[in-house]
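J.: Following this message is one structure expressed as structure tokens.
2 protein chains.
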Amino acid sequence: MSLPNHFELLATDAGARTGRLTTPHGVVRTPAFMPVGTAGAMKGMHWRDLRDAGTDIALGNTYHLMLRPTAERIAALGGLQKFTGWNGPMLTDSGGFQVMSLSDLRKVGEHAVTFRSHIDGAKVELSPERSIEVQRLLGSDIAMQMDECVRLPAETADIERAMQLSLRWGERSRRAFEAAPAGTMLFGIVQGGDVPELRHLSARGTVATGFHGYAIGGLAVGEPQAVMLAMIEEVAPHLPADRPRYLMGVGTPDDLLESIRRGMDMFDCVLPTRNGRHGVAFTRHGQVNLRNARHADDPRPLDEASDWPSTRDTSRAYLHHLVKSGEALGAMLLSEINIAYYQRLMGDIRDAISKGALGEFYETTRADWERGDIPPR
Amino acid sequence: MSLPNHFELLATDAGARTGRLTTPHGVVRTPAFMPVGTAGAMKGMHWRDLRDAGTDIALGNTYHLMLRPTAERIAALGGLQKFTGWNGPMLTDSGGFQVMSLSDLRKVGEHAVTFRSHIDGAKVELSPERSIEVQRLLGSDIAMQMDECVRLPAETADIERAMQLSLRWGERSRRAFEAAPAGTMLFGIVQGGDVPELRHLSARGTVATGFHGYAIGGLAVGEPQAVMLAMIEEVAPHLPADRPRYLMGVGTPDDLLESIRRGMDMFDCVLPTRNGRHGVAFTRHGQVNLRNARHADDPRPLDEASDWPSTRDTSRAYLHHLVKSGEALGAMLLSEINIAYYQRLMGDIRDAISKGALGEFYETTRADWERGDIPPR
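Line order of the protein sequences matches chains A and B. Following our numbering, the numbering of the first sequence begins with 3 at its first residue and continues without gaps. Following our numbering, the numbering of the second sequence begins with 3 at its first residue and continues without gaps.
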């Protein structure tokens, strides 16, 4: 039996799509970029500023939250949206990816993955059923099936084993999700690494299980962009057109634009906040490294045409000084500047798709990026 | 010749005063608390939030700024207010205090203090004349004379030597200030440690030199609160009633309330932001340590009666989680919660003085603090 559909496709332009996804905590305009609030907080940003920057939906990491403060505690406090004060749509991952990257002594079995917490060393078991339970306790609007993600490059046999396990875990995740509150959603995840045949198999199997939406996982894990885009092209035709499509862990503004042209609707990435903490801004002129001494005496803002006040009004000289001095405000300003740029880009892309003008927008945006930063004074 | 007076005394209540100090960048309502933006930034707070929290004037540290990005660079960029985007009144210290506490190989001479920069080891000389020049380059609304501050307890001979040197440096500072832009101000600093006779001598000498306003320095440097308040009582009668009085580096909300009752008008302290970074909130219920496990499951805010949104709407459980997880947002929220509490306290005190009701306000405020935090659930 197919699951109810909360996605409305509003317009397409060549391969690109724009739509509305309705969640219990509000509507998400797609294409959508989801900033990552790992442990219940955005790094260096107030939730109020995240919303002002044009964010519809944020991502919370199940692995971090189940260990601290624990899912049960968050449930008792009314769920993640109320706990954090964000009060908007929230997608949670399954926890599987961070188990692989952060925990010690992990062991993947058919039933579950067992690991030791990176916080206190406690032994923890995470099964597909427990992952769904944790995500329900967190109050997730969109839960993800548990999967196994293989870092590339990898042997085909390893990729296939993880992909098949992910299909079985997807079925168990869907069964476990049957008692979930009305309006909440479960997304399946297509795996298969960089092997087209495995991607096809995974896509068909995942769609056969049936989910509210479909994610492509196992990309942006070390492969070139061309491989990533090729894999999207292999998978997209197998996904139902009326369901949302989420490309996990991606990416740069360029990655997003290229993926949207290939039919993807949702994205998450730590890049805007992480690069911000490292002194790098995403702008209309491409990436700008504020550590560079060329900015030390430059009174000009990053982009005088931006509608985000910090981008338009803060001098490069001040940002350079903050970054060089290690002042927290530097990371705070660059994180919000980057999130605002991402969200403005998403809004512009949605508008362009609605008007059937994405091709033109694509050309001018890429030309701006390739032209690079304004010349030094 | 006495300097022009930009201070207007509006009301007094017993020893306490409320007034308006007009600077080139705007009016400061007194009693005023000045948050400390050490190196051109508040730690963990956007300037916009500092203003929203009720801040009229901020403090910049000459020592930090002269070393990086340098006063000349800030001057070329239009001054500290424009550089930071704060655009409001700014007081700068002389740099002398931080030379003593932060630099290496410092040597105090009659002409100047020489030291090595804590940033790059460069040898730097700071004289009263250079300090005034640096503060003018920074675009300071209120500059401070250079002085020497002695940490307590200290030998009387050491306190006296530093006090006499500060008097001579005060005269040189005033001469150097003669060419300063109209409307900007220079405050003298009364030294003398915990020795009443030296405080009297210093106060009379400083007033004889003549400044726009008068500061009491060399307190909050290790002595008990009773000693600090006693020294204020020794000095205040020697200061002209029509000039603003600034107690440097103070303090807790209780220190501020007690000092205001003894006639002080202006204060600066890193305590609200520093304690915020360490997980401690200043509230109507006194200081609250959010690290304490009693808050882990507590959905209540720090103070449901506060008019500052983060204080009224953020749960103790969330703050506890952020602090325990080392999330930057914890320090950011507690810094703004603390600054907002300080500024609200200043506003309430100004209102109470205006109405002649400071005595009653003092009793109820102290009773709230002494009652302590609300009971655990």
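Built from N, CA and C at the ideal position, the CB exists for glycine as well.
1) Look up Ser317(A) in the DSSP assignment and give the residues it is bridged to.
2) Can you give me the C-alpha to C-alpha distance between Ile376(A) and Ser317(A), rounded to a whole angstrom?
3) Shortest alpha-carbon distance to Val38(A) belongs to which of Gly17(A), Asp149(A), Met250(A) and Leu335(A)?
4) Tell me, which residues are paired with Pro37(B) by DSSP?
5) Could you tell me which chain B residues have their CB closer than 8 Å to the CB of Glu329(A), listed as they occur along the chain?
6) By Cβ distance, which residues of its chain are closer than 7 Å to Thr40(A), with the 5 residues on each side in sequence left out?
7) For Pro301(A), go through chain B and note every residue whose CB falls closer than 8 Å to its CB, in chain order.
8) Rank Ile341(B), Glu260(B), Lys125(B) and Arg153(B) by C-alpha distance to the C-alpha of Met47(B) and give the top, closest one.
9) Give the secondary structure of Phe284(B) by DSSP, where H, G and I count as helix, E and B as strand, and everything else as coil.
10) Mind listing the chain B neighbours of Ala359(A)? Cutoff is C-beta to C-beta under 7 Å, in chain order.
11) The beta strand (DSSP E) that contains Glu127(A), what's its start and end?
12) To the nearest angstrom, how far is the alpha carbon of Ala228(A) from that of Gln137(A)?
13) With a threshold of 7 Å on Cβ separation, who are the neighbours of Pro198(B) within its own chain once the five nearest residues in sequence on each side are excluded?
14) At what residues does the alpha helix (DSSP H) containing Lys84(A) begin and finish?
15) Report the residue from Asn89(B), Lys109(B) and Pro91(B) whose alpha carbon sits nearest the alpha carbon of Gly98(B).
16) Taking Lys326(B) as the query, report the chain A residues whose CB atoms sit under 9 Å from its CB, ordered along the chain.
17) Tell me whether Leu221(B) sits in a helix, a strand or coil according to DSSP, three-state version.
18) Of all the CB atoms in chain A, is at least one closer than 9 Å to the CB of Ile65(B)?
19) Would you say Thr208(B) lies against chain A (beta-carbon separation less than 9 Å)?
20) Please go through the stretch 134-161 of chain A and give each complete beta strand (DSSP E) segment of 3 or more residues, from N-terminal end onward.
21) Distance check for Met44(B) and Ala330(B), CA to CA, integer angstroms please.
22) Taking the CB atoms as reference points, tell me whether Tyr344(A) and Pro274(A) lie closer together than 9 Å.
23) Check whether the stretch 152-163 of chain B touches the stretch 182-190 of chain B, counting contact only when three or more Cβ pairs, one atom from each stretch, lie closer than 8 Å.
24) Taking 8 Å as the line, does the beta carbon of Asp95(A) fall inside it for any heavy atom of the ligand NAP?
25) So if DSSP puts Met233(A) in a beta bridge, which residue, or which two residues, is it bridged to?
26) Relative to the alpha-carbon of Glu127(A), which residue among Asp353(A), Val101(A), Arg279(A) and Pro26(A) has its alpha-carbon at the smallest distance?
27) How many angstroms separate the CA atom of Phe269(A) from the CA atom of Val252(A)?
28) Round the Cβ separation of Asp299(B) and Ala78(A) to the nearest angstrom and send it over; I've been treating them as touching at under 8 Å.
29) Does DSSP put Glu131(A) in a helix, in a strand, or in coil?
30) Do Ile351(A) and Ala16(A) come within 9 Å of each other at the CB atom, strictly closer than that value?
31) Note down the Cα distance separating Leu169(A) from Tyr216(A), rounded to an integer number of angstroms.
32) Going by DSSP in three states, Gly215(B) sits in which element: helix, strand or coil?
33) Here's a check: name, in chain order, each residue in its chain whose Cβ is nearer than 7 Å to the Cβ of Ser119(A), leaving out the five neighbours to either side.
34) Tyr343(B) CB to nearest chain A CB: under 9 Å?
35) Establish whether the CB of Ser317(B) and some CB of chain A are separated by less than 9 Å.
36) Hey, is Ala283(A)'s beta-carbon within less than 9 Å of any beta-carbon in chain B?
T.: Let's see:
1) For the purposes of this step, residue 317(A) is taken as residue 315 along the first sequence, with counting starting at 1. DSSP lists Pro303(A) as partners of Ser317(A).
2) To locate residue 376(A), count along the first sequence from 1; it is residue 374. To locate residue 317(A), count along the first sequence from 1; it is residue 315. Between Ile376(A) and Ser317(A), the C-alpha separation is close to 14 Å.
3) In the first sequence, the residue the question calls residue 38(A) occupies position 36. Taking only the C-alpha atoms, the option nearest Val38(A) is Met250(A).
4) Along the second sequence, read from residue 1 onward, the residue named residue 37(B) stands at position 35. Within the DSSP secondary-structure output, Pro37(B) pairs in a beta bridge with Cys271(B).
5) As a working mapping, residue 329(A) is identified with position 327 in the first sequence. Within 8 Å Cβ-Cβ: Ala41, Gly42, Ala43 and Lys45.
6) As a working mapping, residue 40(A) is identified with position 38 in the first sequence. When the five nearest sequence neighbours on each side are left out, the beta carbons in the same chain lying within less than 7 Å of the beta carbon of Thr40(A) are those of Asn63 and His66, in order along the chain.
7) In the first sequence, counting from the first residue as 1, residue 301(A) sits at position 299. At a C-beta separation below 8 Å, Pro301(A) has these neighbours in chain B: Leu79 and Gly80.
8) Residue 47(B) sits at position 45 when you count from the first residue of the second sequence. It is Ile341(B) whose Cα lies nearest to the Cα of Met47(B).
9) On the second sequence, position 282 is the one that residue 284(B) refers to. Look at Phe284(B) here: in three-state DSSP terms it is strand.
10) Translated into the one-based positions of the first sequence, residue 359(A) becomes position 357. The contacting residues do not exist; Ala359(A) stays about 35 Å from chain B at best.
11) By 1-based counting over the first sequence, the position of residue 127(A) is 125. Where Glu127(A) is concerned, the enclosing beta strand (DSSP E) starts and stops at Lys125 to Leu128.
12) In the first sequence, counting from the first residue as 1, residue 228(A) sits at position 226. In the first sequence, counting from the first residue as 1, residue 137(A) sits at position 135. Separation of Ala228(A) and Gln137(A) (C-alpha to C-alpha, rounded to the nearest whole angstrom) is 33 Å.
13) Numbered from its first residue, the second sequence carries residue 198(B) at position 196. So the qualifying residues of the chain are Glu236.
14) Position 82 of the first sequence, counting from 1, holds the residue named residue 84(A). Its alpha helix (DSSP H) spans residues Leu82 to Thr86.
15) Here the question's residue 98(B) lines up with position 96 in the second sequence. Here the closest residue by C-alpha is Lys109(B).
16) Counting from one through the second sequence, the residue named residue 326(B) turns up at place 324. Those within 9 Å of Lys326(B) in chain A are Arg70 and Pro71.
17) Here residue 221(B) refers to the residue found at position 219 of the second sequence. DSSP places Leu221(B) in coil when its eight states are reduced to three.
18) As a first step, residue 65(B) must be located in the second sequence, where it is residue number 63. Checking the sequence, you will find Tyr at residue 65(B) rather than Ile. No, its Cβ sits nowhere closer than 9 Å to a Cβ of chain A.
19) Working through the second sequence from its first residue, we reach residue 208(B) at position 206. No, Thr208(B) lies away from the interface with chain A (no Cβ there is under 9 Å from its Cβ).
20) Listed in chain order, the beta strand (DSSP E) elements of length 3 or more contained wholly in the stretch 134-161 of chain A are 144-146.
21) For the purposes of this step, residue 330(B) is identified with residue 328 of the second sequence, where counting begins at 1. For the purposes of this step, residue 44(B) is identified with residue 42 of the second sequence, where counting begins at 1. When rounded, the distance between both Cα atoms is 14 Å.
22) The residue given as residue 344(A) occupies position 342 in the first sequence. The residue given as residue 274(A) occupies position 272 in the first sequence. Taking 9 Å as the cut-off, the Cβ atoms of Tyr344(A) and Pro274(A) count as close.
23) Below 8 Å, too few C-beta pairs join the stretch 152-163 of chain B and the stretch 182-190 of chain B to call them touching: fewer than three.
24) No copy of the ligand NAP appears in this structure; indeed no ligand is present at all.
25) Within the first sequence, the letter at position 231 stands for residue 233(A). Paired residue(s): none; Met233(A) is not in a bridge.
26) For the purposes of this step, residue 127(A) is taken as residue 125 along the first sequence, with counting starting at 1. Per the Cα distances, Val101(A).
27) Taking the first sequence and counting its residues from 1, one reaches residue 269(A) at position 267. Taking the first sequence and counting its residues from 1, one reaches residue 252(A) at position 250. Rounded to the nearest angstrom, the two C-alpha atoms are 6 Å apart.
28) Position 297 of the second sequence, counted from the first residue, corresponds to residue 299(B). Position 76 of the first sequence, counted from the first residue, corresponds to residue 78(A). Right, their Cβ atoms sit about 7 Å apart.
29) On the first sequence, position 129 is the one that residue 131(A) refers to. Looking at Glu131(A) - three-state DSSP - the assignment turns out to be helix.
30) Taking the first residue of the first sequence as position 1, residue 16(A) is located at position 14. Taking the first residue of the first sequence as position 1, residue 351(A) is located at position 349. With contacts defined as CB atoms closer than 9 Å, Ala16(A) and Ile351(A) fail to qualify as a contacting pair.
31) On the first sequence, residue 169(A) is found 167 positions in, with the first residue counted as 1. On the first sequence, residue 216(A) is found 214 positions in, with the first residue counted as 1. Between Leu169(A) and Tyr216(A), the C-alpha separation is close to 13 Å.
32) For the purposes of this step, residue 215(B) is taken as residue 213 along the second sequence, with counting starting at 1. DSSP, reduced to helix, strand and coil, places Gly215(B) within a strand of the structure shown.
33) Numbered from 1 along the first sequence, position 117 holds the residue referred to as residue 119(A). So the qualifying residues of the chain are Leu69, Ser105 and Val126.
34) Taking the first residue of the second sequence as 1, we reach residue 343(B) at position 341. Any Cβ of chain A closer than 9 Å to the Cβ of Tyr343(B) would place that residue at the interface, and such an atom is absent.
35) Within the second sequence, residue 317(B) is the residue found at index 315, counting from 1. When Cβ-Cβ separations below 9 Å define contact, Ser317(B) makes contact with chain A.
36) Mapped onto the first sequence, residue 283(A) falls at position 281. It does not: the Cβ of Ala283(A) has no partner Cβ on chain B nearer than 9 Å.
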